[in-house]
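Inspection log for the structure reproduced underneath, given as structure tokens.
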Amino acid sequence: MTSPGEQMHALVERLYPICRSLTGDGVRATLDIVGEYLPLRVHEVPTGTQVLDWTVPQEWNIRDAYVADATGRRVIDFAASSLHVLGYSVPVSATMPLAELRPHLHTLPDHPEWVPYRTSYYQPDWGFCLAQETLDALPDGDYEVRIDSTLEDGHLTYAEHVIPGRTADEVIVSCHVCHPSLANDNLAGIAVATFLARELAATTPHYTYRFIYAPGTIGAITWLARNQERIDRIKHGLVLACAGDPGRLTYKQSRRGDAEIDRALRHVLRESQRPHRVAEFTPYGYDERQYCSPGFDLGVGSLSRTPYAGYPEYHTSADNPAFVSPEAMADTLAVCREAFALLDRNRRYVNLSPYGEPQLGRRGLYDALGGRSDAKEAQMAMLWVLSLADGDHTLLDIAERSGLSFAVVAAAADALHRAELIKE
Amino acid sequence: MTSPGEQMHALVERLYPICRSLTGDGVRATLDIVGEYLPLRVHEVPTGTQVLDWTVPQEWNIRDAYVADATGRRVIDFAASSLHVLGYSVPVSATMPLAELRPHLHTLPDHPEWVPYRTSYYQPDWGFCLAQETLDALPDGDYEVRIDSTLEDGHLTYAEHVIPGRTADEVIVSCHVCHPSLANDNLAGIAVATFLARELAATTPHYTYRFIYAPGTIGAITWLARNQERIDRIKHGLVLACAGDPGRLTYKQSRRGDAEIDRALRHVLRESQRPHRVAEFTPYGYDERQYCSPGFDLGVGSLSRTPYAGYPEYHTSADNPAFVSPEAMADTLAVCREAFALLDRNRRYVNLSPYGEPQLGRRGLYDALGGRSDAKEAQMAMLWVLSLADGDHTLLDIAERSGLSFAVVAAAADALHRAELIKE
Amino acid sequence: MTSPGEQMHALVERLYPICRSLTGDGVRATLDIVGEYLPLRVHEVPTGTQVLDWTVPQEWNIRDAYVADATGRRVIDFAASSLHVLGYSVPVSATMPLAELRPHLHTLPDHPEWVPYRTSYYQPDWGFCLAQETLDALPDGDYEVRIDSTLEDGHLTYAEHVIPGRTADEVIVSCHVCHPSLANDNLAGIAVATFLARELAATTPHYTYRFIYAPGTIGAITWLARNQERIDRIKHGLVLACAGDPGRLTYKQSRRGDAEIDRALRHVLRESQRPHRVAEFTPYGYDERQYCSPGFDLGVGSLSRTPYAGYPEYHTSADNPAFVSPEAMADTLAVCREAFALLDRNRRYVNLSPYGEPQLGRRGLYDALGGRSDAKEAQMAMLWVLSLADGDHTLLDIAERSGLSFAVVAAAADALHRAELIKE
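Protein chains in written order, with UniProt numbering: chain P, 1 to 424; chain S, 1 to 424; chain Z, 1 to 424.
Structure (structure tokens):
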């Protein structure tokens, strides 16, 4: 029996070799594997469908791709890594001298051993990505260039898993599934989302939780286009990306900056005393860009460890399963768990005995022996809840003002609720 | 002719030996002595009266209490200090071995020479408080245990002194009178309140000032229960406690945090350049808990020197008259005096000549010789009052924005009012 | 062809010898010279005219003034510097001993070589200003004292230059013209205002810009009294004073503190990385006092280098043309230019495609090659404008929230506007 962290890492390793892109069979293969962990409802949206300001593109699939030298040796081989082909490359079958090939070759001169990740989604192009040192070693001469891809009308694929709650109000958790062989970006996010869903599925939460696995940008836009009637029900949301690297956690706030999820994550991260960073919203990054676009302006933040482009391995072959750890993914999962537990429990109460303090002692809620100075945390929490249970303050408000943890405040509210001193 | 500080200390010394509690003759004796300084209206509220969520308890009185050894020597003697008996102890008359007595003995192991102060108001119990070193010296054997107390239907006693103001709007000053032989907590508060009332009684203030001498918690709750029609008239209030120790002053803000009294105390303390601390509201402490409960939510703060439980002597026999000083009480009194003077004088004005500056020089309000750079503080204050006298800003707002002291701003307002340049 | 800075300095030097005051031919001569640079509309307001709370005073003119010793040698001579006479001195023709003269002599003991600037506008008086060392060298004996001035019914003179904009909403730029031979206070302000107006006159700005050249206090009050119907149209304003000394720039905020001009100047000064200071409003200083009086409460700030009374040369003969530099005036001018360009361009847009991001790539507004991490500043600016173009945020709001410069944000708005993705 392995730990959840190890299970998440095993999932990352299984998904790693698959060549994912905005569309195509790589996404489907990925969702098939996730579906072994969690029942998914898979949606197929035809090429050409208008989705908000965008159009679902043609579906891209690839069987093989390589550059071979005059001896037939494959000097760049898609079979070795899905990163070797420029994403969405149109088919090519040609022989050309290195000089002609070179503009189609992408390298990272600063990291000569690493293969970069590049795409050309919306402009027809083809190319290969390779290590600078591989390129440097290529002699002049003719090369056979072959990309056995198809770019044809088909579908865009995304999936959902829904955990029904006690209310129809929703929480969304979204992760992008369009990146090929990159472990932190975003197989770790997929793994954390999946294991979070499995945990929540074992409960009956207050909110309905909707997990969205979709390609970046166009996938979130497609989901939003097809779920516009649902938007008003979405109370909170989280985009999971870069969830497994060794860096400290980073929470990027929603466009609103003071959405309840922003405050929840700040509280959980601060109370846990984890090293962490809270970042302001910017309209760049992952799919929080779409969820937070001004027409929707949802309370959706983004949780990462080191955020996108913040680590040298970002979008390179060095973002491989060794770069993400079971411990880091388990830690990200724990913060998600705590934050959603907080949101699920957070609400407003009204003190039913607001004139003066109610007599807690009579109800067994207060130390009988007076005169002592060590007011316990639990008693302080009860006094704080009574003081601020005026219908305006949530339990999170009370936790923040009192400096107590949400859990202590919520337990006090439970005790007071049982004693019929507060009501929702 | 002694100074007010010395007179307050003398009052503390007179009150110190009395055994006060929530109810009983100790409170009455205390109010009798205070009544020599200030006419008091004493209220007696019968046992069993429902007051908000509470019920007035039985009245407790005690004539004598001791533990005597086999030779008849009193090893713990109430006559030596009222602290020796657990407050509200039920009567006891028994002989028992030390082992059986021990659970009823309260000590302070960290301060072996001090006697702690303990009570059991709402749960029938009995006990003695003593120095750890006394306890350590007690040989095993039988002890005669006697508490000659009564716990019977009677009354809860509190008192008021009212200084009529020019308006029916009220300021309350409240101090708890239920603690036995403890000087800082709260004989110093009683003394400062009393001398503050004497000073105010010599004036005709704007507000009506109501001084409340009542046992902690149940006394304030009783007062609130019997004065609910008065609540809307209470504009400001201050709880005085721990008013005489050598520490710096601490002002604990009201639940609102920006009540006018909060701003007044902050201004007075800051302007005076006294070392001080402004503390956030917490729903623990003294009777500000009751006045600030959410149903009332009054602008009532609390002024202390070192706040409750913040000094080792707190609730021990070391909180004796030597622990409080004439100078510290005089200093607390001075801050009260300044803060209430500020509140009494604070109001909004409207500039009657708001378009451009009025010509102050013509009215003798401005230096005739131009070109000099030393704009005097008084003139700056006049310009500030004219600038902000828009019906929105109080004089305190103007003092805070200008960085001038309230007194300078108020004097400028007086001059401008005499010149008919502003009106209330 | 000299630089604008040198041209401004040349203007200061031309204006320096003129004896200006609240009224009189010195103001007219000054406005005549400014009129060579910029067409001015000159207003003459008769003595006795009621202006708000004030009355236009008598007009003061002076032909000559001196103190001569027994030999007839002029020991103080108005011809040498206009500062030598107390402003608004009544006529005098007398012979008197030094002891009798002395109360009428003003010096600066701390700067014995400098002549102070003093006035007595609203109280009839006469006097001379001189260097302490000159005074110290005067032997006892009789002196001939002569001030050949007139104080008679006449006019107060001020001037305007208006640059029509595309809207009737106005920006005012105001500088005082009443100080005699003082270069920084305020010939430099006059020069910067004049060259700013010349630059703006070559454009068709959004706002109508009104430049006001008026004597301090009474001039601004007169202008306000005669333009009350215009007040509502004034959206922004700037008082220029002490605009040429070597100190860092100081922006004094309007009474409102968050007026758009306050935010514009703060942004421009911060973004430019100039050393600078932003000062809170005070109701002392220059004519912002009048524009910001509570009845008007205009968004008018004040731009200076070292503010009034902040440099030893203030109001002395050491504030001469050598104290102000072409570079400093050019720098003040540049900040005015940038701030008004910002205000002129600042507005709110509405994103026409607010649901999800619009597809920028399709419109040629986005890098085609994905996967790269170096999101360019221009692209970030487009994303920020799209994110915040909700009708609530101005371009300045967007610049401040994004941390980008206003110019970059405005250029992005232009591009998005051309692409019909946003509208005003």
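By construction, the Cβ of each residue, glycine as well, lies at the ideal position given by its N, Cα and C atoms.
Residue-chain proximity (residue 147 of chain P, chain Z), Cβ-Cβ < 8 Å: no
Residue span of the beta strand (DSSP E) that contains residue 231 of chain Z, given as start and end: First-last for residue 231 of chain Z: undefined, no H or E at that position.
Secondary structure, alpha helix (DSSP H): runs of 4+ residues fully inside the segment 237-263 of chain Z: none
DSSP three-state assignment for residue 355 of chain Z, whether helix, strand or coil: coil
Minimum Cβ-Cβ distance from residue 290 of chain Z to chain S less than 8 Å: yes
Amino acids of chain S, ordered along the chain, whose beta-carbon sits closer than 9 Å to that of residue 389 of chain P: 294
Contact list for the segment 250-263 of chain Z against chain S, Cβ threshold 9 Å: 255
Beta-carbon contacts of residue 339 of chain S that lie in its chain and below 6 Å, excluding the five residues immediately before and after: 264, 265 and 268
Exposure of residue 102 of chain Z, with buried meaning 16 or more beta-carbon neighbours within 10 Å: exposed
Residues of its chain near residue 423 of chain Z, where Cβ-Cβ distance is below 7 Å and the 5 sequence neighbours each way are ignored: 349, 350 and 352
Simplified DSSP state of residue 151 of chain Z, which is helix, strand or coil: strand
C-beta neighbour in chain Z for residue 232 of chain P, strict 8 Å: no
Distance between residue 240 of chain P and residue 301 of chain P (C-alpha atoms, nearest Å): 9 Å
Residue burial classification, residue 63 of chain P (beta-carbon count within 10 angstroms, cutoff 16): exposed
Opening and closing residue of the beta strand (DSSP E) in which residue 59 of chain Z lies: 59-68
Environment of residue 203 of chain Z [buried if 16+ CB atoms lie within 10 Å]: exposed
Pick from S:228, S:394 and S:190 that is closest to residue 215 of chain S, judged by C-alpha positions: S:190
Local Cβ density within 10 Å of residue 376 of chain Z, reported as buried at 16 or more and exposed below that: exposed
Status (buried if at least 16 other CB within 10 Å, exposed otherwise) for residue 72 of chain S: exposed
Helix, strand or coil at residue 178 of chain P [DSSP, three-state]: coil
Per DSSP, the bridge partner or partners of residue 93 of chain S: S:146
Proximity winner among Z:404, Z:382 and Z:323, relative to residue 418 of chain Z (alpha-carbon distances): Z:382
Within 8 Å, strictly: CB atoms of residue 471 of chain S and residue 130 of chain S: Outside the displayed span of chain S (1 to 424) sits residue 471 of chain S, for which this structure offers no information.
Beta-carbon proximity check, residue 180 of chain P vs residue 21 of chain P, cutoff 8 Å: yes
Neighbour-count burial assignment, residue 159 of chain Z, 16 or more Cβ in a 10 Å radius: buried
Burial state of residue 168 of chain P (16 or more Cβ within 10 Å): exposed
Contact with chain Z by residue 419 of chain S, beta-carbon distance below 8 Å: no
Proximal residues of chain P, C-beta to C-beta of residue 172 of chain S below 8 Å: Neighbours of residue 172 of chain S on chain P: none; closest Cβ ~15 Å, over 8 Å.
Under 7 Å from the C-beta of residue 353 of chain P: neighbouring residues of chain S: 53
Segments of 4+ residues assigned as alpha helix (DSSP H) that fall wholly inside the segment 168-229 of chain Z: 188-201 and 218-226
Stretch pair the segment 396-416 of chain S + the segment 92-99 of chain Z: three plus CB contacts closer than 8 Å: no
Contact with chain P by residue 284 of chain S, beta-carbon distance below 8 Å: yes
Any non-hydrogen atom of the ligand ATP closer than 7 Å to residue 315 of chain S Cβ: Absent from the structure shown: the ligand ATP. Ligands present: none.
Candidates S:146, S:332 and S:262, of which the one nearest residue 195 of chain S by Cα: S:332
C-beta neighbour in chain S for residue 130 of chain Z, strict 8 Å: no
DSSP state of residue 54 of chain Z mapped onto helix, strand, coil: strand
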